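Here is the structure we will look at, set down as structure tokens.
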Amino acid sequence: MSRASKLTLLGTSLFAASTVAFVHFQQEAEKTAMHQGVVRDMEQQRIKQERQLDFDTQRALELQYKQEQSVHDAVAAADAAEAKAKGKGA
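Residue numbers (mature numbering (1 follows the signal peptide of the UniProt record, and there is no 0)): -21 to -1, 1 to 69.
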């Protein structure tokens, strides 16, 4: 084999090996990036569920407090009516 043919064979072999290595590392990088997307989506879903749970808890507390407040308002109105009746009766 001549010197030129040996250099050509060496050059093409190095080019092919470097291309295979580049493609391999590129695929690994894409796989890692895709996996990070899945992890990020799962974290967002977990945060969304926590927020929904907090919202539901706050909604239940709001309804409970409104019921208690309406009872207190009814008691206050009854006390006011009773005081008014005593004021007229005296």
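Note that CB positions come from ideal geometry on N, CA and C, so glycine has one too.
Here the structure is a predicted model, which means the values were calculated and not measured.
In the three-state reduction of the DSSP assignment, Met21 falls in the helix class, which pools H, G and I. One Cα belongs to Lys45, the other to Met13, and the distance between them is close to 48 Å. A straight line joining the alpha-carbon of Leu40 with that of Ala57 spans about 26 Å. For Ser(-20), the three-state secondary structure derived from DSSP is coil.
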